[in-house]
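Peer 1: Handing you a structure now.
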Amino acid sequence: MVTALAVKEEYLIFEEDFDSTFDLSVWKHDITLGGNGNREFEVYVNSRNNSYVKDGKLHLRATLTDEAYGRESIENGVMDLWGRVFLARTPSCSSPQFAGCRKEANGHDILPPVQSARIQTMESFSFKYGRVEVRTKLPRGDWLWPGIWMMAKDNRYGPWPSSGELDIMESRGNGPDYTDDKGNPIGNNRFSACFHFGPAWNKDGYPVAVNDTQALPDHRSYGDEFHTFGFYWDEDDMYAYVDSPENVVTRVAEYGKKSFWDIGLESGAWNASGM
1 MVTALAVKEE YLIFEEDFDS TFDLSVWKHD ITLGGNGNRE FEVYVNSRNN SYVKDGKLHL
61 RATLTDEAYG RESIENGVMD LWGRVFLART PSCSSPQFAG CRKEANGHDI LPPVQSARIQ
121 TMESFSFKYG RVEVRTKLPR GDWLWPGIWM MAKDNRYGPW PSSGELDIME SRGNGPDYTD
181 DKGNPIGNNR FSACFHFGPA WNKDGYPVAV NDTQALPDHR SYGDEFHTFG FYWDEDDMYA
241 YVDSPENVVT RVAEYGKKSF WDIGLESGAW NASGM
């Protein structure tokens with residue numbers, strides 16, 4: 001659900017409840033094996049094995065590549081997203097970045113062992129100022145990394161992160177017992193919200209615009225039931241929240257009073273002399 005603002009009043013401009021169908025004219029699939037710059041080991045595909053609507057809910061599901069194509073293909077094969085290998089639907093690589101359209105296993109580097117889905121509305125819907133809310137239940141399982149992002153429709157200020165990235169939610173599929181090396185819980189009983197901005201990929205201001213929630217009590221997780229992950233944006237404020245606007249996770253300090261450039265400089269997020 002997305003609402004727009006008009007003198008602080010809100011009206012609905014986009015809503016998707018997946019009550020019956022999966023509208024592929026609205027929801028476009030990313031098709032790439034480039035790992036999104038994060039060294040992810042899955043390939044994103046447009047397959048109803050990995051993305052489908054059932055019982056009024058959208059399901060995004062990870063599957064093992066060798067279940068469909070065999071272990072030998074993973075260790076010695078070729079994955080070509082421009083051809084008809086490894087795709088259940090019409091092939092069309094959406095992102096050549098990070099060698100995202102073709103890969104050949106060579107003995108030292110295997111093909112992506114996992115298939116999954118990443119969908120977006122870049123071509124069908126965009127807005128400036130408003131509220132976004134996504135009601136979802138997070139997945140459970142090791143190595144899973146769910147996320148809800150907002151990206152710039154046009155890179156008006158330059159390539160990432162110059163034109164911004166708003167991470168409404170990122171979490172893990174690991175259970176509540178999963179901890180870091182200091183014993184802090186970092187599984188699906190907590191999540192983070194983050195804003196990326198800066199003049200270059202190695203001068204990203206996210207350290208001053210990221211926050212993790214406290215772990216849910218009683219061994220509960222965000223995979224137990226549905227939660228609402230939200231983001232609010234107007235001329236004077238920008239923040240992410242969970243379940244209620246009062247439960248703010250991350251807010252951009254001084255937003256509306258200072259530019260992102262000034263916020264980054266004053267916080268020491270990057271060194272201007274190093275540009």
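For the sequence shown, position 231 matches number 231 in the UniProt record's numbering, and the numbering has no gaps at all.
In this text, a Cβ means the ideal position worked out from N, Cα and C, and glycines have one as well.
Does E123 pass the burial test, meaning 16 or more other C-beta atoms within 10 Å, or should it be called exposed?
Peer 2: exposed
Peer 1: Below 8 Å between beta carbons: does that hold for N155 and G175?
Peer 2: no
Peer 1: Candidates T136, L58, M150: which alpha carbon is nearest E165's?
Peer 2: M150
Peer 1: Quick one: what's got a C-beta closer than 6 Å to T32's C-beta in the same chain, skipping five residues either side?
Peer 2: Y44, S94, S95, G100
Peer 1: CA-CA distance, L64 and L111?
Peer 2: 11 Å
Peer 1: Locate the alpha helix (DSSP H) running through G264, then write down its first and last residues.
Peer 2: 260-267
Peer 1: Give me the residue from G223, Y222, R190, F197 with the minimum Cα distance to N211.
Peer 2: R190
Peer 1: So A240 and F226 are supposed to be a Cβ contact under 8 Å. How far apart are they, rounded?
Peer 2: The Cβ separation is near 17 Å, so there is no contact.
Peer 1: For the putative contact between M169 and A152, defined by C-beta atoms under 8 Å, what is the C-beta separation to the nearest angstrom?
Peer 2: That belief does not hold up - the Cβ atoms of M169 and A152 are roughly 18 Å apart, past 8 Å.
Peer 1: Can we say the stretch 215-222 touches the stretch 253-268, given the rule of at least three CB pairs closer than 8 Å?
Peer 2: no
Peer 1: Please state the DSSP three-state secondary structure of Y206.
Peer 2: Residue state, collapsed to three classes: helix.
Peer 1: Considering only their Cβ atoms, is the gap separating W233 from G147 smaller than 8 Å?
Peer 2: No; because the gap between Cβ atoms is not below 8 Å, this pair is not in contact.
Peer 1: By the DSSP assignment, the beta strand (DSSP E) with N247 in it spans what residues?
Peer 2: 244-251
Peer 1: Excluding the 5 residues flanking E235 on each side, which residues of the same chain have their C-beta closer than 8 Å to its C-beta?
Peer 2: Y129, G256
Peer 1: Give the straight-line distance between the Cα atoms of G198 and D167, rounded to the nearest whole angstrom.
Peer 2: Rounded to whole angstroms, G198 and D167 show a C-alpha spacing of 15 Å.
Peer 1: Let me know the secondary structure DSSP gives A105 once reduced to three states.
Peer 2: coil
Peer 1: For the alpha helix (DSSP H) containing I186, list its first residue and its last residue.
Peer 2: Element bounds for I186: n/a, residue is neither H nor E.
Peer 1: Whose CA, out of R172, P159, G183, lies closest to the CA of W201?
Peer 2: For W201, the nearest C-alpha among the options comes from P159.
Peer 1: Shortest alpha-carbon distance to F229 belongs to which of V132, G107, E266, F127?
Peer 2: Out of V132, G107, E266, F127, V132 has the C-alpha closest to the C-alpha of F229.
Peer 1: Assuming N49 and H29 are in contact, meaning their beta carbons sit under 8 Å apart, how far apart are those beta carbons, in whole angstroms?
Peer 2: Going by Cβ atoms, the distance from N49 to H29 rounds to 12 Å, so no, they are not a contact pair.
Peer 1: Rounded to the nearest angstrom, what separates Q115 and E266 at their Cα positions?
Peer 2: Between Q115 and E266, the C-alpha separation is close to 42 Å.
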